[in-house]
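Enquirer: Numbering (our numbering), first residue to last: 23 to 329.
Note that CB positions come from ideal geometry on N, CA and C, so glycine has one too.
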Amino acid sequence: MPDQIPGSEDLRAYVTKPLLDRITDQAIDSDYMAAAERREPAGEEPTRRRRPGLWAMVVVGLFALLATTAAVQTSRNEDIRQTSRQVLVDRIEQRQDRIADLHEQISDLREVNQSREAALSSLGQRAESASSSAAATAEETGFAPVTGSGIRITIDNAADGSEGGTVRDYDLAVIVNGLWQAGATAVAVDGQRVTPRSGVITSGSTLRMNDVSLSPPYEVSAIGDTRTLAARFAETVSGAMIHTTTQDYGMPYDVENIDRLTLPAAPPDLLELTHLGAKSKGTQGSEKPTDNTDEDSEENSEGDREE
């Protein structure tokens, strides 16, 4: 039994109280006493508790200060928002005006673009037409090679070697002129293209054209319609003359249709364009290029052959 029994309980109650309850009560009381001794040292009066009203006033004051500051800041922010909104509205209106101006410029530029596209299309058609015309002219004048169907006339010296049976410059000139009259679009003699500046000349016993020596048998090639070119050539005065000459002197002579002929361009030194001044007189042009022979020289040469 303990030395001292609590005064609030009598002996009978203490004895009859369960042991577990007594141990628990004593442990809790001892804990409370130890805590009180640590909190209030011996000989010191307990510290007075601070009143909670002071802290509440401080908290309320801080809250009021924060609320006032928030209100002022909100007011300022509202002013700033209103100013920013107006600035944004002004900018939007300026942008809209700018966009309207740009749309108007786009419309104007589209009209200009359509006009220029139409002009470009017209120029393109004119350029294409001019290019086609230039190509055709280049082929006709010898500035460009040409390929197509046509005829080839072959003429050679007589086998007996007689002077009358020798092919001369005017014989080739007659053939070339007759082919132009029959509708040929391009002519070449032994691969030498006939141009307005070309001419067949006799150099000793040799014929020359475009400053190139020719050798028998002579081939005169012409681009044209194979269905009519040979027949129309035979009907010309030149065709009749050459046919009679070859028959009279026994000169080999042949005309044949060729499905594909290729005539080269004239030599570069003959492709330089020359033209007369405005004040030039007494000059007559011709539709087709001819050799440097005329009817008088042909008649004289024919007379020489007959002699």
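Are the stretch 252-272 and the stretch 217-224 touching, with three or more C-beta to C-beta distances below 8 Å?
Expert: The answer is no - the stretch 217-224 does not touch the stretch 252-272, with fewer than three Cβ pairs under 8 Å.
Enquirer: Excluding the 5 residues preceding and the 5 following residue 255 in the sequence, name in chain order all residues of the same chain whose CB lies nearer than 7 Å to its CB.
Expert: So the list reads 200, 201, 204, 261, once near-sequence residues are dropped.
Enquirer: Between 225, 259, 226, 230, which lies nearest to residue 216 when the distance is taken from Cα to Cα?
Expert: For the residues 225, 259, 226, 230, the minimum Cα distance to residue 216 belongs to 230.
Enquirer: Taking its Cβ as the centre, do 16 or more other Cβ atoms sit within 10 Å of residue 232, making it buried, or is it exposed?
Expert: Label assigned to residue 232: buried.
Enquirer: What residues in its chain sit with their C-beta under 7 Å from that of residue 245, if we drop five residues either side in the sequence?
Expert: Cβ within range, chain order: 168, 170, 172, 206, 207, 208, 283, 285.
Enquirer: Below 8 Å between beta carbons: does that hold for residue 190 and residue 241?
Expert: Result no, Cβ atoms of residue 190 and residue 241 do not sit closer than 8 Å.
Enquirer: Could you tell me the alpha carbon to alpha carbon distance between residue 276 and residue 187, rounded to whole angstroms?
Expert: When rounded, the distance between both Cα atoms is 15 Å.
Enquirer: Residue 267 lies in the alpha helix (DSSP H); which residues open and close that run?
Expert: First-last of the alpha helix (DSSP H) with residue 267: 259-271.
Enquirer: Shortest alpha-carbon distance to residue 287 belongs to which of 198, 279, 236, 164?
Expert: Measuring from the Cα of residue 287, the nearest candidate turns out to be 164.
Enquirer: Opposite residue 192 in the DSSP bridges: which residues?
Expert: Answer is none; residue 192 lacks a bridge partner.
Enquirer: Quick check on the DSSP output: the beta strand (DSSP E) that includes residue 179 runs from which residue to which?
Expert: First-last for residue 179: undefined, no H or E at that position.
Enquirer: Going by alpha carbons, who is nearest to residue 289 out of 213, 274, 243, 279?
Expert: The candidate whose alpha carbon is nearest that of residue 289 is 213.
Enquirer: With residue 274 and residue 193 assumed to form a contact (beta carbons below 8 Å), what rounded beta-carbon distance in angstroms separates them?
Expert: Actually they do not touch by this definition, with Cβ atoms about 12 Å apart.
Enquirer: Leaving out five residues before and five after residue 159 in sequence, what residues of the same chain have Cβ atoms less than 7 Å from its Cβ?
Expert: Contacts found: none.
Enquirer: Which word fits residue 142, buried or exposed, when buried means at least 16 other C-beta atoms lie within 10 angstroms of its C-beta?
Expert: Residue 142 is exposed by the Cβ-count criterion.
Enquirer: Would a C-beta distance cut-off of 8 Å place residue 235 and residue 228 closer than the cut-off?
Expert: Yes, Cβ-Cβ distance for residue 235 and residue 228 is below 8 Å.
Enquirer: Whose CA, out of 280, 259, 243, lies closest to the CA of residue 249?
Expert: When each option's Cα is compared against that of residue 249, the closest is 280.
Enquirer: Pick from 123, 181, 94: whose alpha carbon is nearest that of residue 269?
Expert: Cα-wise, what sits closest to residue 269 is 181.
Enquirer: Mapping DSSP to helix, strand and coil, what is residue 170?
Expert: Strand.
Enquirer: So if DSSP puts residue 231 in a beta bridge, which residue, or which two residues, is it bridged to?
Expert: The partner list for residue 231 (beta bridge, DSSP) reads 222, 234.
Enquirer: Could you tell me which of 77, 243, 185, 150 sits nearest to residue 198, measuring between CA atoms?
Expert: Measuring from the Cα of residue 198, the nearest candidate turns out to be 243.
Enquirer: For residue 166 versus residue 157, is the C-beta spacing smaller than 8 Å?
Expert: Result yes, Cβ atoms of residue 166 and residue 157 sit closer than 8 Å.
Enquirer: Relative to the C-alpha of residue 258, which candidate in 196, 247, 210 has its C-alpha closest?
Expert: Comparing Cα-Cα distances from residue 258 to each of 196, 247, 210, the minimum goes to 196.
Enquirer: When the Cα atoms are used, what is the spatial distance from residue 26 to residue 83?
Expert: With a pLDDT of 49 at residue 26, under the threshold of 50, the predicted position of this residue should be treated as unreliable, and no value is reported.
Enquirer: Once DSSP output is grouped into helix, strand and coil, what is the label at residue 132?
Expert: Of the three classes helix, strand and coil, the one that applies to residue 132 here is helix, per DSSP.
Enquirer: Are there 16 or more other CB atoms within 10 angstroms of the CB of residue 251, so buried, or fewer, so exposed?
Expert: It counts as buried.
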